[in-house]
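Q: I have a structure here, written as structure tokens, and I will follow up with some questions on it.
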């Protein structure tokens, strides 16, 4: 009986050794950097690192562009307010009362007065200006 148990034990050990050998060869083939999955994983990992770095740079560039755009928009709005003030001041200046036939702003009733054009902001623009 002992002999049968020893034979079965040896056969089991031999089978386990053979199984480990097969697994070892498969793992080596899997991890080879040139031909196996290890190379693909290493390449993908490097690409992910590069893309992360590029994405960070793009975010910084977009944030800087947004800040510059906000600054330029503020300057443009201030210049527009100054121009509107200057235009309003020019409309208030007394000028000659002669009517020019090619003047589009001349009154059509023959009174010699120029008609003023007022620009009004919409509800969305006034709500935006209030904030």
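Numbering (this note's numbering), first residue to last: 8 to 138.
All C-beta atoms in this analysis are idealised placements derived from N, C-alpha and C, irrespective of residue type, glycine included.
Report the three-state DSSP secondary structure of residue 54 (helix, strand or coil).
A: Correct three-state label for residue 54: helix.
Q: Our contact map puts residue 98 next to residue 74 with C-beta atoms below 8 angstroms; I'd like the distance itself, whole angstroms only.
A: Between residue 74 and residue 98 the Cβ distance is about 37 angstroms, and since that is not below 8 angstroms, they are no contact.
Q: Can you look up residue 68 in the DSSP assignment and give me helix, strand or coil?
A: Correct three-state label for residue 68: helix.
Q: Determine the direct distance from the alpha carbon of residue 42 to that of residue 30, and round the result to whole angstroms.
A: Answer to the nearest angstrom: the Cα atoms are 18 angstroms apart.
Q: Does DSSP put residue 78 in a helix, in a strand, or in coil?
A: Looking at residue 78 - three-state DSSP - the assignment turns out to be helix.
Q: Tell me which residues share the same chain as residue 94 and place their Cβ nearer than 7 angstroms to its Cβ, disregarding the 5 neighbours each side in the sequence.
A: For residue 94, where only same-chain residues beyond five positions count, there are no Cβ hits under 7 angstroms.
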